[in-house]
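**Q** Respectively, the protein sequence lines represent chains A and B. 188 is the number that the numbering used here gives the last residue of the first sequence; the numbers go up by one with no jumps. 1188 is the number that the numbering used here gives the last residue of the second sequence; the numbers go up by one with no jumps.
There are 2 protein chains.
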Amino acid sequence: MKYPNGIKKTYESKVSYGNRGMTLEEDLNISNEYYRDTNEAIIYKKPTPITIHKVDFPSRREAIIRDARFGIPSTTDYNGIYRGKYIDFEAKETTNKTSFPLSNIHAHQITHLCRIIEHGGIGFLIVRFTSFNETYLLEGKDFFQFIDNEKRKSIPRTYFQKVGKLIPIGLRPRLDYLKYIEVNNENK
Amino acid sequence: MKYPNGIKKTYESKVSYGNRGMTLEEDLNISNEYYRDTNEAIIYKKPTPITIHKVDFPSRREAIIRDARFGIPSTTDYNGIYRGKYIDFEAKETTNKTSFPLSNIHAHQITHLCRIIEHGGIGFLIVRFTSFNETYLLEGKDFFQFIDNEKRKSIPRTYFQKVGKLIPIGLRPRLDYLKYIEVNNENK
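1. Under a CB-based cut-off of 8 Å, is Ser131 (chain A) close to chain B?
2. Roughly how many angstroms separate the alpha carbons of Phe1129 (chain B) and Lys1054 (chain B), rounded to a whole number?
3. Between which two residues does the alpha helix (DSSP H) harbouring Ile147 (chain A) extend?
4. Measuring alpha carbon to alpha carbon, tell me which of B:Tyr1034, B:Thr1038, B:Ile1065 and B:Arg1036 ends up nearest Pro49 (chain A).
5. Within the continuous beta strand (DSSP E) that includes Leu1171 (chain B), where are the two ends?
6. So the alpha helix (DSSP H) Val1163 (chain B) belongs to, where does it begin and stop?
7. Please state whether DSSP places Asn1104 (chain B) in a helix, a strand or coil.
8. Would DSSP call Asp37 (chain A) helix, strand or coil?
9. Compare the Cα-Cα distances from Ile147 (chain A) to each of A:Thr135, A:Arg83, A:Ile105 and A:Thr23 and report the closest residue.
10. Does Lys46 (chain A) have its Cβ less than 8 Å from a Cβ in chain E?
11. Kindly list, in the order they appear in chain A, the residues whose Cβ is closer than 7 Å to that of Gly1121 (chain B).
12. On the criterion of 16 or more Cβ atoms from any shown chain inside 10 Å, does Ala1091 (chain B) qualify as buried, or is it exposed?
13. Pick helix, strand or coil for Pro1004 (chain B), following the three-state DSSP scheme.
14. Is there a C-beta anywhere in chain A that falls below 8 Å from the one on Ala1107 (chain B)?
15. Could you tell me whether any Cβ in chain B is nearer than 8 Å to the Cβ of Lys141 (chain A)?
16. Pairs of beta-carbons, one from the stretch 1163–1183 of chain B and one from the stretch 1032–1043 of chain B, closer than 8 Å: are there three or more?
17. Whose C-alpha, out of A:His108, A:Ile87 and A:His119, is nearest the C-alpha of His1119 (chain B)?
18. Taking the alpha carbon of Glu1062 (chain B) as the reference point, which residue from A:Arg69, A:Thr95 and A:Arg152 has its own alpha carbon closest?
19. Taking all protein chains shown into account, do 16 or more other C-beta atoms lie within 10 angstroms of the C-beta of Asn1149 (chain B), making it buried, or fewer, making it exposed?
20. Which residues in the same chain as Ile52 (chain A) place their Cβ atom closer than 8 Å to its Cβ, once the five residues preceding and following it in sequence are excluded?
21. Return yes when the Cβ of Tyr1082 (chain B) is within less than 8 Å of the Cβ of Lys1045 (chain B), no when it is not.
22. In chain order, what residues of the stretch 73–99 of chain A put their CB closer than 9 Å to some CB of chain B?
23. Look at Thr1135 (chain B) and Ile1126 (chain B) and say whether their C-beta atoms are less than 8 Å apart.
24. Grab the span of the beta strand (DSSP E) containing His53 (chain A) for me, first residue to last.
25. Along chain A, which residues have their Cβ under 9 Å away from the Cβ of Arg1115 (chain B)?
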């Protein structure tokens, strides 16, 4: 996107929240918008899956969904293209102070992430410990390393501190997570 | 996915529709399921974007959406990974007999497809002329070639016949569209 002279686009939400108060999803959405505008990557959040049972048509051009339920996602929430490669990740917040409960991620999503990596895609998790306002990126391989070797049903915060990468809150983009992923190809 | 001895999974819908009657979306969904099961590609349809205005919680575990509207998609409907590459496409049916009206595709989706190709992804359209039960794959480059050089607001069926590829209806997978895309990389 090109903006006319003198117009600067800001990637903050209309209301200023300061460093706290914005959800991880909001932070990622404006960061992805920034990446798209700067043409660094084309990444979107997928819509929430919904099963529709009833739709009203009050007029020819209007459709109102009157009965629908939330579905269980088969895949992770975010995907797109970065440096010519397929990129895919799941993002979750936890209020837990000591660990990230694996129950936060559906089994389907874990399988999906695993297959993406097998197919040569870039796959990872972004986890925020809201109590500390800490956001970590955990590479897929490190996530599966944990799952394969530990019987615990949650990943300790210390594991993120040791193996993950802390993503600082910035301005443009707000969460520069692409800087923290490992891309093993000739383009980097 | 591995199935126990003697159990054969079929990729047809429960009700037999014969060669006609299944929508393009249904054909693509079962074809993508086949590709995932055979591990050839990981491709999913994105959920329809919806803006939710009101949710009821009749019980602790139940959420019923009571007021929601359909949103306009920012991206194409299908994406995933194939031979290590990002793949992205839009699929549309038309009852029109002579041409495919471009009004069927949102401007956002056209821009999105263009950017995907610029970023090195595989991008294309799948268009079905339902009157003839003909399904064509049109490479992104050929789609943009048409848009850039023609002022017409619809793509003639003859253009699909000349430049596109006719995808026959098969059994497993039902629409073997991956066979018809051009992948210019070392993996092929």
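From the three backbone atoms N, C-alpha and C, an ideal C-beta is built for every residue, glycine too.
**A** Reading from the atomic positions:
1. Residue contact check for Ser131 (chain A) against chain B: no CB pair falls below 8 Å.
2. For Phe1129 (chain B) and Lys1054 (chain B), the distance between alpha carbons rounds to 38 Å.
3. Annotation: the continuous alpha helix (DSSP H) that includes Ile147 (chain A) extends over Gly140 to Asn149.
4. Nearest Cα to Pro49 (chain A) within the set B:Tyr1034, B:Thr1038, B:Ile1065 and B:Arg1036: B:Ile1065.
5. In the DSSP assignment, Leu1171 (chain B) falls outside any beta strand (DSSP E), carrying neither H nor E.
6. Taken as a continuous stretch (DSSP letters only), the alpha helix (DSSP H) holding Val1163 (chain B) covers Arg1157 to Val1163.
7. Taken through DSSP and simplified to helix, strand or coil, Asn1104 (chain B) comes out as helix.
8. In the three-state scheme derived from DSSP, where H, G and I count as helix and E and B as strand, Asp37 (chain A) is classed as helix.
9. Scanning A:Thr135, A:Arg83, A:Ile105 and A:Thr23 for the CA closest to the CA of Ile147 (chain A) turns up A:Ile105.
10. Any reference to chain E falls outside this structure, whose protein chains are A and B.
11. Residues of chain A passing the Cβ test: Ile81.
12. So Ala1091 (chain B) ends up on the buried side.
13. With a pLDDT of only 43 at Pro1004 (chain B), under the threshold of 50, the placement of this residue in the model should not be trusted, and no figure is reported.
14. Taking Cβ atoms only, chain A never reaches closer than 8 Å to Ala1107 (chain B), which makes this a no.
15. With a threshold of 8 Å between beta carbons, Lys141 (chain A) makes no contact with chain B.
16. Under the Cβ criterion (8 Å, minimum of three pairs), the stretch 1163–1183 of chain B counts as touching the stretch 1032–1043 of chain B.
17. Measuring from the Cα of His1119 (chain B), the nearest candidate turns out to be A:Ile87.
18. When only C-alpha atoms are compared, the closest one is A:Arg69.
19. The residue in question, Asn1149 (chain B), is exposed, as its Cβ has fewer than 16 Cβ neighbours within 10 Å.
20. So the list reads Ile65, Asp67 and Ala68, once near-sequence residues are dropped.
21. Against a cut-off of 8 Å, the Cβ pair of Tyr1082 (chain B) and Lys1045 (chain B) comes out as no contact.
22. Listed by position along the chain: Pro73, Ser74, Thr75, Asn79, Gly80, Ile81, Tyr82, Arg83, Gly84, Lys85, Tyr86, Ile87 and Asp88.
23. For the 8 Å CB-CB criterion, Thr1135 (chain B) and Ile1126 (chain B) form a contact.
24. From DSSP, the beta strand (DSSP E) with His53 (chain A) extends over Ile50 to Ser59.
25. Within chain A, the residues near Arg1115 (chain B) are Arg36, Asn39, Ile42 and Ile81.
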